[in-house]
Amino acid sequence: MVLQVTEDQTKAFEGQKPSTSGLRKAVKVFQQPGYTENFVQSILTALGPRLAGSTLAVGGDGRFFCTEAVDIIIKIAAGNGVAKLLVGQNGILSTPSASNVIRKYKLTGGILLTASHNPGGPDNDFGIKFNTSNGGPAPDAVTNEIYDLSRTITKYKIVKDLNCNISEIGLKKFQVDGKSFEVEVIDPVADYVTLMKEIFDFDSMKKLIKGDAKRPPFQVLINSMHGVTGPYAEEIFVKELGASQENMVKTNILPDFGGHHPDPNLTYAADLVESIAKGEYDIGAAFDGDGDRNMVLGKKAFFVTPSDSLAVLAANLDCIPYFKKRGVHGFARSMPTGAAVDRVAADKKKEIFETPTGWKYFGNLMDAGRISLCGEESFGTGSDHIREKDGIWAVLAWLSVVAHLGKSVESIVKEHWSKYGRNFFTRYDYENCDADQSNKMMIELENKVTAPGFAGQTFKSGSKTYTVQAADNFEYLDPIDGSVAKNQGIRIMFTDGSRLIFRLSGTGSSGATIRLYAESYESDKKVIENPASEMLQPIVQLALELSQLQKYTGRDKPTVIT
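Heads up: the sequence shown runs through residues 1 to 562, numbered per our numbering.
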């Protein structure tokens with residue numbers, strides 16, 4: 001069959017503006033005739049001269065509408081002069097794996113199909129994001145161009161009769177208007193496993209899990225939450241490291257994630273917490289829909305906050321062969337993330353960067369060789385091995401530290417607190433709030449905290465007294481390319497190292513999500529092991545009073561506490 005390019009007339013859709021992690025909307029929005037086609041065409045057009053003859057990676061987290069979207073991308077890529085696509089088998093490719101594929105094969109970029117930790121299914125969410133040639137999320141300049149193109153689009157190029165079987169691994173060749181177009185369906189897991197074996201000492205982790213005469217087997221419980229990490233977890237933890245298959249939970253990928261929210265936190269992964277609490281397992285971990293987020297628990301459900309996880313790994317990177325060979329540069333965290341890693345950086349005399357939320361802000365720092373490790377409080381940790389956060393990598397890093405130190409997860413964290421002090425940290429999420437009222441709250445709060453005289457004020461809450469050191473709406477000047485990101489969240493910083501942060505999240509598909517972050521630093525060894533809820537209660541109460549959050553949202557409690 002002779003395949004031909006056709007140009008279909010279309011109309012622009014409102015609101016195709018990518019957020020920190022691409023375009024996320026309800027599935028029904030993406031299913032509108034022309035909607036997905038428009039956005040994909042806008043991505044390709046934004047490539048400009050790099051489009052002709054380009055090679056792109058395509059894949060996603062297996063959520064509802066993923067295979068249909070892959071088919072649309074193949075047809076439009078063929079119509080736009082793309083030379084080749086590397087597509088994960090059955091449309092599956094975790095976000096960390098996609099970043100690795102782009103980097104390993106030096107691709108032009110990749111189109112990822114995921115709404116990350118958002119729920120899936122016909123009545124829930126879908127998402128598309130573009131990653132550039134460094135393997136990381138497109139920077140603001142690129143996403144802004146994609147958005148501008150989506151607002152003025154009048155037609156898209158497509159090869160309607162091109163049908164490609166993505167269930168069989170192998171190279172598929174087509175002729176489109178007399179030109180070659182190829183689709184290579186790849187094993188979504190193989191390249192990623194190879195990378196992990198280059199980074200970590202698999203033999204030491206395998207010995208840890210197997211145990212010996214001196215130490216019993218180290219029991220690992222992995223919960224993939226019916227997301228994309230299922231096959232990756234089984235290949236790595238079972239086949240490579242020798243963990244029991246019975247200890248792999250929810251590893252079958254489901255388009256609706258089993259009807260649950262694929263977000264690895266104490267609320268949505270409550271079944272993992274319950275299992276670990278029984279004391280039969282030494283470490284537990286859960287991953288989100290696309291595999292870039294992680295939650296780590298020690299024995300009896302000892303919760304490692306993402307902020308503490310980042311700091312502990314930063315303090316122990318010499319346990320991992322990759323860093324022994326390459327050395328350790330600086331560290332970075334997103335602005336809302338607890339400042340525990342800052343103390344490690346100071347101790348080790350490494351640079352520390354505070355960036356806006358969104359992994360794309362770490363990419364420039366990594367590419368410039370300024371950082372080796374970075375993380376976000378939203379359960380994301382990663383290193384410069386790729387340009388995305390990486391859930392499985394984070395758990396392997398923890399296993400490496402445990403194997404090297406010969407101590408439990410809880411002991412490692414508590415010894416870290418003893419040395420550096422503890423940044424007690426929590427996040428309150430108020431989901432699906434009224435957007436107008438949420439925006440009004442943020443405007444009023446910003447006006448209050450940036451008014452003359454706010455800095456220096458003292459507030460009493462419970463048994464604590466807090467003096468404001470500074471307050472602002474966070475603005476970031478990228479030290480590499482000079483770009484500026486404004487209005488990234490309201491910060492209130494206190495003289496004792498405590499902080500309050502307020503942000504409106506841009507990762508949902510409906511309503512508004514207000515995120516309140518509270519952090520209280522303690523160096524007194526008499527209180528660093530106290531319950532976090534107890535230690536944070538005064539500063540959380542102060543946050544609610546300053547923001548008048550209940551008044552604006554009508555909520556007397558958050559949707560999720562982490």
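From the three backbone atoms N, C-alpha and C, an ideal C-beta is built for every residue, glycine too.
The structure displayed is predicted, hence computed values, not measured ones.
Residue i versus the options, residue with shortest Cα-Cα distance
i: G566; options: K75, G391 and A314; result: This structure does not reach residue 566, given that the chain is present from 1 up to 562, and the question cannot be answered.
i: M442; options: L546, P139 and E14; result: L546
i: P216; options: K407, A455, Q469 and Y552; result: K407
i: F302; options: Y322, L313, L23 and E274; result: E274
i: L221; options: T194, K250 and L195; result: K250
i: A403; options: I386, K207 and A12; result: K207
i: R515; options: S483, A470, Y430 and K526; result: Y430
i: D472; options: S400, S483, V540 and M335; result: M335
i: D263; options: D271, E246 and F287; result: F287
i: D434; options: L504, I386, V312 and S307; result: L504
i: P96; options: G289, Q457 and F218; result: G289
i: P137; options: H416, D436, M366 and S498; result: M366
i: Q32; options: T10, G358 and N163; result: T10
i: L3; options: R491, L162 and Y192; result: L162
i: T229; options: N247, K197, M196 and V189; result: V189
i: D481; options: P139, G109, N90 and F39; result: P139
i: T305; options: I539, E410 and G135; result: E410
i: N487; options: F459, T450 and Y521; result: T450
Three-state class that DSSP yields for residue i in the structure shown
i: V2; result: coil
i: D390; result: coil
i: L241; result: coil
i: A340; result: helix
i: S378; result: coil
i: K278; result: coil
i: L546; result: helix
i: T553; result: helix
i: F323; result: helix
i: A301; result: helix
i: R151; result: helix
i: Y420; result: helix
i: V449; result: helix
i: D8; result: strand
i: Y268; result: coil
i: S17; result: This sequence places Lys at residue 17; Ser is not what is there. Coil, per DSSP.
i: C66; result: helix
i: D481; result: coil
i: R491; result: strand
i: F200; result: coil
i: T559; result: coil
i: T143; result: helix
i: I283; result: strand
i: N90; result: strand
Beta-bridge pairing of residue i - partner residues as DSSP gives them
i: P137; result: N131
i: S505; result: T513
i: I43; result: BP columns for I43 are empty, so no partner.
i: K84; result: T55 and E182
i: Y466; result: F459
i: R24; result: G127
i: T426; result: A518
i: Y156; result: D8
i: L171; result: E184
i: R215; result: DSSP, once it has assigned bridges, lists no residue as partnering R215.
i: F353; result: A332
i: Y232; result: Y232 is not bridged to any residue.
At least 3 beta-carbon pairs within less than 8 Å: the region 201–211 vs the region 106–121: no
Between the region 74–84 and the region 204–212, do three or more beta carbon pairs fall short of 8 Å? no
Is it true that the region 44–53 meets the region 79–97, where meeting means three or more beta-carbon pairs spaced less than 8 Å apart? yes
contact_flag[the region 31–49, the region 130–146] where n(CB pairs < 8 Å) is 3 or more: yes
Three or more C-beta pairs under 8 Å: does that hold for the region 173–184 against the region 384–401? Contact fails: fewer than three Cβ-Cβ distances are below 8 Å.
Is it the case that the region 311–321 contacts the region 453–473, given that we only count it when at least three CB pairs across the two stretches are under 8 Å? Contact fails: fewer than three Cβ-Cβ distances are below 8 Å.
The region 343–356 in contact with the region 315–334 per 3-pair CB rule at 8 Å: yes
Can you find at least 3 beta carbon pairs, one from the region 473–488 and one from the region 415–427, that sit closer than 8 Å? no
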